[in-house]
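*Asks:*
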Amino acid sequence: MKTTLLGLAQEAEVDARIINNINGNWHVEQGPIEDFDRLCKGKWTLLVQGVDKYIQDVSPILAPFSFIPNWRLDDLMVSFATEGAGVGAHIDQYDVFLVQGKGKRRWRVGMPGEYKETFPHPKLRQIEGFDAVIDVVVEPGDVVYVPPGWPHDGETVEDSLTYSVGYRAPDNLQLAESLAMMLDKGEHNFRYTDPQRTLQNAAYTVTPNDVASLKQQLIEAINSEGFTRSLLEAMSEQGIPEYPLDTDVSLEQIANEFAAGISFAPAAGVRALVSYGKQGLPRALFVNGSQFEFANSDREWIEALASGDVLNATSCQDAPSFTFLETLTTLINNGYWEWYEA
Ligand code: SIN
Ligand code: CO
Numbered sequence: 002m003k004t005t006l007l008g009l010a011q012e013a014e015v016d017a018r019i020i021n022n023i024n025g026n027w028h029v030e031q032g033p034i035e036d037f038d039r040l041c042k043g044k045w046t047l048l049v050q051g052v053d054k055y056i057q058d059v060s061p062i063l064a065p066f067s068f069i070p071n072w073r074l075d076d077l078m079v080s081f082a083t084e085g086a087g088v089g090a091h092i093d094q095y096d097v098f099l100v101q102g103k104g105k106r107r108w109r110v111g112m113p114g115e116y117k118e119t120f121p122h123p124k125l126r127q128i129e130g131f132d133a134v135i136d137v138v139v140e141p142g143d144v145v146y147v148p149p150g151w152p153h154d155g156e157t158v159e160d161s162l163t164y165s166v167g168y169r170a171p172d173n174l175q176l177a178e179s180l181a182m183m184l185d186k187g188e189h190n191f192r193y194t195d196p197q198r199t200l201q202n203a204a205y206t207v208t209p210n211d212v213a214s215l216k217q218q219l220i221e222a223i224n225s226e227g228f229t230r231s232l233l234e235a236m237s238e239q240g241i242p243e244y245p246l247d248t249d250v251s252l253e254q255i256a257n258e259f260a261a262g263i264s265f266a267p268a269a270g271v272r273a274l275v276s277y278g279k280q281g282l283p284r285a286l287f288v289n290g291s292q293f294e295f296a297n298s299d300r301e302w303i304e305a306l307a308s309g310d311v312l313n314a315t316s317c318q319d320a321p322s323f324t325f326l327e328t329l330t331t332l333i334n335n336g337y338w339e340w341y342e343a
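For the sequence shown, the working numbering assigns the number 2 to the initial residue and increments by one for each residue that follows.
(1) Using the DSSP secondary-structure output, state which residues sit across from L125 in a beta bridge.
(2) Look at the alpha carbon of R106 and the alpha carbon of E342, and state the distance between them as a whole number of angstroms.
(3) Is D76 near the ligand CO, in the sense that its beta carbon is under 6 angstroms from a heavy atom of that ligand?
(4) DSSP three-state call for T331: helix, strand or coil?
(5) So what does DSSP say about A10, is it helix, strand or coil?
(6) Check the C-beta distance from L215 over to Y193 and give it rounded, since I have them as a contact under 8 angstroms.
(7) Assign M78 to buried or exposed, taking buried as 16 or more other Cβ atoms, counted over all protein chains shown, within 10 Å of its Cβ.
(8) Does the beta carbon of S161 fall short of 6 angstroms from some heavy atom of the ligand SIN?
(9) Within the same chain, show all residues whose beta-carbon is closer than 8 angstroms to that of D16, passing over the 5 residues directly before and after it, in chain order.
(10) Looking at the unbroken beta strand (DSSP E) that takes in A82, where does it start and where does it end?
(11) P113 to G150, Cα distance in whole Å?
(12) What residue does the beta strand (DSSP E) around T163 start on, and which one ends it?
(13) Is R39 buried or exposed, if buried means 16 or more other CB atoms sit within 10 Å of its CB?
(14) Would a C-beta distance cut-off of 7 angstroms place V96 and Y205 closer than the cut-off?
Have a look at this one:
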């Protein structure tokens, strides 16, 4: 794994950092990293974000967390740290499960509160210190859960691999971006009118009614089906780069291969979402921001696809429909599903 991380850190599209501490001086180097000899000095940590999107083999690490819905899962960050290393005491805004992969590490976790932020390096946000309510040395297989806002600090006891299963929680600004996305498409972008307006005494007065109707205009946009879809698209967005096939495969080819028993599987890190056409939600499959509607009769196939398992003609009892194979073909052409090699 360490070699894999070093390899990933050299790639321009990968979000990687090396944080080191030499005689009390912190240094942060953002990837792509070339000069490992210079950076892997002192107490150092290499952190690679989104490893699940590059390395298929790490998916078993995420499997035990399937009790939490796909849309909440952000990514798997993996870090390698040498004896005595760590990134210092800090606070994250997201839920994280810290899974110890190799070596030993001492984790200290404190209660949420007011802590003074420090920047020992412009790219390193830490806090001054905290009283630990959890103080443990973890070994391979141990998991520490850190909720958002809880300060924590992990000091490596012996060369360590830590898998951070990170969750996302959209803030209102992000939700508003989904709203803007829908309005931008011209959907539900209604304009204020006031045909019922009555005379008022002074022109400078803003009435509570005026403000309430402006708010109501926005509330109606939020309650629209368009916003629901826009939200679902954003919830399924994983920032997975589209690697479309050089030459598109045809629906006929996929249908023939499927009938011949060839298997398909999601590309690394692809996690689909399904909504079932109930209580205002569309009946659709969502993959990395794209949506595919499906008929109720295709439900079993859509579920087999979205489960992330290997998919072939034996996955369901009935034969797949034309529409289902069309969806699969699009997913393959966009690089989200691939031919499965055992
Ligand atoms: C690490 O893996 O070194 C840091 C993870 C974290 O504290 O969020
Ligand atoms: Co953290």
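Using N, Cα and C, we set each Cβ at its ideal position, and we do this for glycine too. Since the model is a prediction, treat every value here as computed from it, not as a measurement.
*Replies:* Walking through what the data contain:
(1) As a first step, residue 125 must be located in the sequence shown, where it is residue number 124. Answer is H122.
(2) Taking the sequence shown and counting its residues from 1, one reaches residue 106 at position 105. Taking the sequence shown and counting its residues from 1, one reaches residue 342 at position 341. Taking the straight line joining both Cα atoms gives about 36 angstroms.
(3) Taking the first residue of the sequence shown as position 1, residue 76 is located at position 75. Not under cutoff, so the answer is no.
(4) Start at 1 with the first residue of the sequence shown, and residue 331 comes out as number 330. Helix.
(5) For this step, residue 10 is matched to residue 9 along the sequence shown. Looking at A10 - three-state DSSP - the assignment turns out to be coil, as it is neither helix nor strand.
(6) For the purposes of this step, residue 215 is taken as the residue at position 214 of the sequence shown. For the purposes of this step, residue 193 is taken as the residue at position 192 of the sequence shown. With a Cβ gap of about 6 angstroms, L215 and Y193 count as contacting.
(7) Numbered from 1 along the sequence shown, position 77 holds the residue referred to as residue 78. Per the 10 Å Cβ criterion, buried.
(8) Counting from 1 along the sequence shown, the entry for residue 161 is found at position 160. Because no heavy atom of the ligand SIN lies under 6 angstroms away, the Cβ of S161 does not count as near it: no.
(9) For the purposes of this step, residue 16 is identified with residue 15 of the sequence shown, where counting begins at 1. Counting only Cβ-Cβ distances below 8 angstroms, and skipping sequence neighbours, we find G32, V49, Q50 and G51.
(10) Residue 82 sits at position 81 when you count from the first residue of the sequence shown. L74 to A82 is the extent of the beta strand (DSSP E) around A82.
(11) As a first step, residue 113 must be located in the sequence shown, where it is residue number 112. As a first step, residue 150 must be located in the sequence shown, where it is residue number 149. Roughly 5 angstroms separates the two Cα atoms.
(12) Taking the sequence shown and counting its residues from 1, the one referred to as residue 163 is at position 162. T163 -> beta strand (DSSP E) spans H153 to Y168.
(13) The residue you call residue 39 lines up with position 38 of the sequence shown. It counts as exposed.
(14) Reading the sequence shown from its first residue, position 95 is the one you call residue 96. Reading the sequence shown from its first residue, position 204 is the one you call residue 205. Before going on, a small fix: residue 96 reads as Asp here, not Val. Contact: no.
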